[in-house]
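Colleague: First residue of the sequence shown? That's 126 in the numbering used here, and the numbers climb one at a time after it. Ideal placement from N, C-alpha and C gives every residue a C-beta, glycine not left out. Note that the structure is predicted; figures quoted are calculated from it, not measured. Please see the structure below; I have some questions.
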Amino acid sequence: MTLTRQQSNLEHALVLETARVTEAAALAASRFVGMGDKHAVDDAGTQAMRDVLNEMDIQGEVVIGEGEMDEAPMLYIGEQLGHGQYQVDIAVDPVEGTEVTANGLPNGLAVIALSEKGGLMKAPDCYMEKLVVPPPAAGRVHLDWPVEANIAALAQALSRKPGDLLISILDRERHAELIARVRRAGARVNLITSGDVISSLAVGVRGTGIHALMGLGGAPEGVITAAAMKCLGAEIQGRLIAENDEQRERFKLMGVEEGRVYKTEELAPGKQIVFSGTGITHGELLSGVRRFGGGARTHTLVMGYATRVVRFIDSVHLEDDGARVTVRV
């Protein structure tokens with residue numbers, strides 16, 4: 126892929142600044158880890174994310190956010206952010222897993238994706254049936270196929286036996302049949318309490334021991350996941366699920382189709398995409414915020430699609446005046 130100057134400039138200008146956005150959100154939310162107040166966690170992460178976005182060299186519009194304008198202070202759909210030159214669409218989840226973060230459980234995450242205008246699908250707030258697979262299996266599975274067929278295809282693509290595979294599925298009653306079918310197909314199940322973005326990232330990065338994600342989750346999170354999978358060369362397939370006629374009308378207004386299988390390129394069609402995720406609590410892929418006297422340490426995954434760069438950033442933040450720390454691995 127040949128980069129235009131504009132493509133290269135956008136990603137070079139924004140990729141490290143985008144990491145700063147999720148770092149700020151994670152640092153703010155981390156002060157409420159284990160306190161049992163999910164609203165405090167979300168409010169802190171959201172405000173910190175908004176503050177940094179408003180400092181950036183962007184003219185940004187939130188296309189995936191936390192509700193409509195009357196639900197402020199969340200980062201609402203349609204909110205305008207920044208004061209600069211780069212026109213971007215923004216997909217945010219300031220704290221993915223507010224409840225697990227509030228309770229000090231694993232895999233709390235601050236996450237954001239940016240693209241050029243029109244580069245991220247404007248997904249309704251509904252369920253999405255998802256199938257996420259790593260790069261070797263991209264194009265070799267399909268959401269329309271039976272679970273058993275996808276397990277077999279995934280095993281073949283990864284040169285493994287079904288019993289070697291570990292499939293992440295949200296631990297919900299609605300997934301009882303899916304879980305049973307995955308197990309009957311010979312694969313093992315990794316039940317997750319929340320956080321299908323971070324679980325999808327674990328699929329896309331080799332060495333985590335997670336080989337796919339299956340099941341129903343939020344459609345907005347599916348778009349954020351698509352941005353990450355595109356950067357990683359992995360794949361997400363998603364099908365929007367309407368629960369009532371009101372949602373079906375919403376689909377029509379937004380120009381999306383119920384029952385259609387959307388693939389990575391349709392969920393995140395942009396040619397310039399920046400993704401960043403910072404751990405708030407510890408997980409398989411990212412360490413959580415580690416606090417010390419006067420500061421904290423963060424662990425971030427940030428990626429650019431056009432520039433083809435994946436960075437893991439380990440940062441030490443000296444927050445208090447006069448804070449000192451001995452940096453160690």
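At the level of alpha carbons, what is the spacing between Pro231 and Ile335?
Modeller: Position 106 of the sequence shown, counted from the first residue, corresponds to residue 231. Position 210 of the sequence shown, counted from the first residue, corresponds to residue 335. Whole-angstrom Cα-Cα distance: 15 Å.
Colleague: For Thr226, write down the residues that DSSP places opposite it in a beta bridge.
Modeller: Along the sequence shown, one-based indexing puts residue 226 at 101. Partner(s): none; Thr226 has no beta bridge.
Colleague: Does Val434 come out as helix, strand or coil in the three-state DSSP assignment?
Modeller: One-based indexing of the sequence shown puts residue 434 at position 309. In the three-state scheme derived from DSSP, where H, G and I count as helix and E and B as strand, Val434 is classed as strand.
Colleague: For the alpha helix (DSSP H) that contains His164, what are its first and last residues?
Modeller: Stepping through the sequence shown from its first residue, residue 164 is reached at position 39. Lys163 to Glu180 is the extent of the alpha helix (DSSP H) around His164.
Colleague: Ordered along the chain, which non-local residues of its own chain (more than five positions away) have a Cβ less than 8 Å from that of Ala173?
Modeller: For the purposes of this step, residue 173 is taken as the residue at position 48 of the sequence shown. So the list reads Ala149, Ala150, Leu152, Ala153, Ala154 and Pro219, once near-sequence residues are dropped.
Colleague: Using a Cβ-Cβ cutoff of less than 6 Å, which residues in the same chain neighbour Ser284 once the five nearest sequence positions on both sides are dropped?
Modeller: Your numbering for residue 284 matches position 159 in the sequence shown. Contacts found: none.
Colleague: Just to confirm my understanding: we take Val158, look at its own chain, exclude 5 residues before and 5 after, and list those with CB closer than 8 Å. What are they?
Modeller: Residue mapping note: residue 158 aligns to position 33 of the sequence shown, counting from 1. So the list reads Val166, Thr226, Ala227, Gly229, Gly233, Ile405, Thr406, Gly413 and Val414, once near-sequence residues are dropped.
Colleague: Do Ser325 and Thr350 have their C-beta atoms within less than 8 Å of each other?
Modeller: Within the sequence shown, residue 325 is the residue found at index 200, counting from 1. Within the sequence shown, residue 350 is the residue found at index 225, counting from 1. For the 8 Å CB-CB criterion, Ser325 and Thr350 form a contact.
Colleague: If we ignore side chains and look at the alpha-carbon of each, how far apart do Leu245 and Gln184 end up?
Modeller: Within the sequence shown, residue 245 is the residue found at index 120, counting from 1. Within the sequence shown, residue 184 is the residue found at index 59, counting from 1. Roughly 15 Å separates the two Cα atoms.
Colleague: Would you mind listing the beta strand (DSSP E) stretches within the region 285–322 that are 3+ residues and don't spill past its ends, in chain order?
Modeller: Counting whole runs of 3 or more residues, the region 285–322 contains the beta strand (DSSP E) stretches 291–295 and 313–317.
Colleague: With distance defined between alpha-carbon atoms, name the residue in Val272, Val140, Cys251 and Ala138 nearest to Gln372.
Modeller: Numbered from 1 along the sequence shown, position 247 holds the residue referred to as residue 372. Comparing Cα-Cα distances from Gln372 to each of Val272, Val140, Cys251 and Ala138, the minimum goes to Cys251.
Colleague: Do the region 267–283 and the region 301–310 meet, that is, are 3 or more Cβ pairs less than 8 Å apart?
Modeller: yes
Colleague: From what residue to what residue does the alpha helix (DSSP H) around Asp370 run?
Modeller: Taking the first residue of the sequence shown as 1, we reach residue 370 at position 245. Asp370 to Met379 is the span of the alpha helix (DSSP H), which, as asked, contains Asp370.
Colleague: Closer than 8 Å is the cut-off here; do at least three beta carbon pairs connect the region 348–363 with the region 391–401?
Modeller: As far as the Cβ criterion goes, the region 348–363 touches the region 391–401, which means the pair count is three or higher.
Colleague: Which residue comes first and which comes last in the beta strand (DSSP E) that contains Gln184?
Modeller: Numbered from its first residue, the sequence shown carries residue 184 at position 59. Gln184 -> beta strand (DSSP E) spans Ile183 to Ile189.
Colleague: Could you check the C-alpha separation between Val441 and Glu142 for me, to the nearest Å?
Modeller: Against the sequence shown, residue 441 aligns to sequence position 316. Against the sequence shown, residue 142 aligns to sequence position 17. Pairing Val441 with Glu142, the inter-Cα distance amounts to about 16 Å.
Colleague: Taking Leu206 as the reference, which of Glu221, Gly222, Gly243 and Val188 has the closest Cα?
Modeller: Here residue 206 corresponds to residue number 81 of the sequence shown, with the count starting at 1. Residue Val188 is the option with its Cα nearest to Leu206.
Colleague: Rounded to whole angstroms, what is the Cα-Cα separation between Glu391 and Glu409?
Modeller: If you number the sequence shown from 1, residue 391 lands on position 266. If you number the sequence shown from 1, residue 409 lands on position 284. Straight-line Cα distance between these residues: approximately 28 Å.
Colleague: Taking the CB atoms as reference points, tell me whether Gly358 and Val140 lie closer together than 8 Å.
Modeller: Mapped onto the sequence shown, residue 358 falls at position 233. Mapped onto the sequence shown, residue 140 falls at position 15. Cβ distance not < 8 Å, so Gly358 and Val140 don't count as in contact.
Colleague: List the endpoints of the continuous beta strand (DSSP E) containing Ile361.
Modeller: By 1-based counting over the sequence shown, the position of residue 361 is 236. Segment Glu360 to Ile366, the beta strand (DSSP E) holding Ile361.
Colleague: Leaving out five residues before and five after Glu224 in sequence, what residues of the same chain have Cβ atoms less than 7 Å from its Cβ?
Modeller: As a first step, residue 224 is located in the sequence shown; it is residue number 99 there, counting from the start. Once the five neighbours on either side are set aside, the close Cβ partners of Glu224 are Lys163 and Ser319.
Colleague: Excluding sequence positions up to five away, which residues of its chain have a Cβ less than 8 Å from the Cβ of Gly170?
Modeller: As a first step, residue 170 must be located in the sequence shown, where it is residue number 45. Ala150, Ala151, Ala153, Ala154, Pro219, Val220, Ala235 and Ile405, listed in sequence order.
Colleague: According to DSSP, which residues form a beta bridge with Tyr252?
Modeller: As a working mapping, residue 252 is identified with position 127 in the sequence shown. DSSP, once it has assigned bridges, lists Gly343 and Ile366 as partnering Tyr252.
Colleague: By how many angstroms is the C-alpha of Arg416 removed from the C-alpha of Met160?
Modeller: What you label residue 160 is simply residue 35 of the sequence shown in a count that begins at 1. What you label residue 416 is simply residue 291 of the sequence shown in a count that begins at 1. Answer to the nearest angstrom: the Cα atoms are 15 Å apart.
Colleague: Does the distance from the CB of Ile457 to the CB of Leu341 come in under 8 Å?
Modeller: Summary: the structure shown does not reach residue 457, with the chain confined to residues 126 through 454, and so no result is reported for it.
Colleague: Which residue comes first and which comes last in the beta strand (DSSP E) that contains Val272?
Modeller: Here residue 272 corresponds to residue number 147 of the sequence shown, with the count starting at 1. No beta strand (DSSP E) contains Val272, which is instead part of the alpha helix (DSSP H) from Val272 to Ala282.
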